[in-house]
Amino acid sequence: MSQPIIAIPADIRAFDGTHWHAVQHQYIRATLKAAGLMALIVPAMEEGYDADAILDRVDGLLVSGSATNVHPSLYGADATEADGPFDPARDAVSLPLIRRALDRGIPTFAICRGIQELNVALGGSLASEIQDQPGVWDHRKPANVDRDSMYAIRQGVFIREGSCLADIVGPGELQVNSLHRQAIAKTAPRLQVEATAEDGTIEGVSVIDAKAFAVGVQWHPEYWAETDSPSRRLFEAFGDAVRDYAAGKGELPIAAPRRSAIV
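Under this note's numbering, the first residue of the sequence shown carries the number 84, and numbering increases by one thereafter.
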């Protein structure tokens with residue numbers, strides 16, 4: 084069997100006087116080196132893309148982190164300047180891909196912005212500037228440090244006994260990195276909380292009724308996937324699920340009728 088391929092939705096980035104569709108290198112590298120998979124970047128388009136047409140051609144979905152935030156209108160809130168920056172094209176592609184991947188039993192791994200998109204896609208909401216809430220730590224990246232220090236493993240999260248994450252990295256305390264100022268507020272009905280920080284911030288979830296691997300984490304295992312054992316095990320578990328899906332494609336039920344194009 085040829086090496087399975089996953090889709091990674093892109094961000095829109097502006098430089099050199101034009102717009103680019105981009106995914107940070109560490110996600111591509113972790114996909115290849117730790118998960119043993121190939122990656123295709125899905126362009127971020129606000130309309131015209133068919134989620135099923137994309138998913139027909141891949142064996143998994145990785146929803147990466149980003150410097151942008153999910154637009155509050157997508158979870159019923161008013162947007163303020165403090166909630167940004169936004170990337171509506173990324174939202175327009177990622178959320179339908181997440182929903183259809185879960186419907187079809189396609190393995191899905193959501194990281195940082197990705198866990199927030201997963202929550203919103205399934206009917207949850209987000210909290211902004213969580214460091215300003217009473218009793219909540221500052222989970223943002225450190226200022227004025229190099230990239231390795233920015234992604235340093237420095238925060239404890241607690242993995243729930245008997246959870247999907249516990250099966251992968253073990254239950255109890257796990258040391259991770261932290262680079263976020265938004266987090267899950269109202270948890271989507273289909274999500275199970277699997278990991279929390281000591282301050283109560285939700286750090287890991289799984290999809291309760293998922294037909295395959297469907298996990299989201301708020302931290303960044305992709306950055307240390309080649310050197311940190313728990314980070315690597317997350318990508319290995321995703322890779323194993325993708326290979327299982329690819330091997331069993333011919334045995335799966337026919338996909339549900341296609342929905343309209345991504346808009």
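C-beta: ideal position from N, C-alpha, C; glycine also.
Gly239: first and last residue of the uninterrupted beta strand (DSSP E) it sits in: Position 156 of the sequence shown holds residue 239. Gly239 -> beta strand (DSSP E) spans Gln238 to Ile242.
Going by DSSP, what residue range makes up the alpha helix (DSSP H) through Leu138? On the sequence shown, position 55 is the one that residue 138 refers to. Residues Ala134 to Leu138.
Assign Gly100 to one of three DSSP states: helix, strand, or coil. Along the sequence shown, read from residue 1 onward, the residue named residue 100 stands at position 17. Residue state, collapsed to three classes: coil.
On the CB-based measure, 16 or more other CB atoms within 10 Å of its CB, does Leu180 come out buried or exposed? Residue numbering aside, residue 180 sits at position 97 when the sequence shown is read from its first letter. Classification of Leu180: buried, given that the 10 Å Cβ count is 16 or more.
What are the uninterrupted segments assigned as alpha helix (DSSP H) that are 4 or more residues long and contained completely in the stretch 236-312, given in chain order? 247-252
Going by C-alpha to C-alpha distance, which of Arg140, Ile291 and Gly167 sits closest to Leu274? What you label residue 274 is simply residue 191 of the sequence shown in a count that begins at 1. Checking every option, the nearest Cα to that of Leu274 belongs to Ile291.
DSSP state of Pro190 mapped onto helix, strand, coil: Mapped onto the sequence shown, residue 190 falls at position 107. Three-state result, Pro190: coil.
Under the three-state DSSP convention, the category Asn202 falls into: For this step, residue 202 is matched to residue 119 along the sequence shown. Helix, per DSSP.
Could you pull out every residue in the same chain whose Cβ sits closer than 6 Å to the Cβ of Ala210, ignoring the five residues on either side in sequence? The residue given as residue 210 occupies position 127 in the sequence shown. The answer, listed in chain order, is Ala266 and Ala268.
Residues of its chain near Ala349, where Cβ-Cβ distance is below 7 Å and the 5 sequence neighbours each way are ignored: Because the chain here runs from 84 to 346, residue 349 falls outside it and cannot be looked at.
Return helix, strand or coil for Gly207, following the three-state DSSP convention. Within the sequence shown, the letter at position 124 stands for residue 207. In this structure, Gly207 counts as coil in the three-state DSSP scheme.
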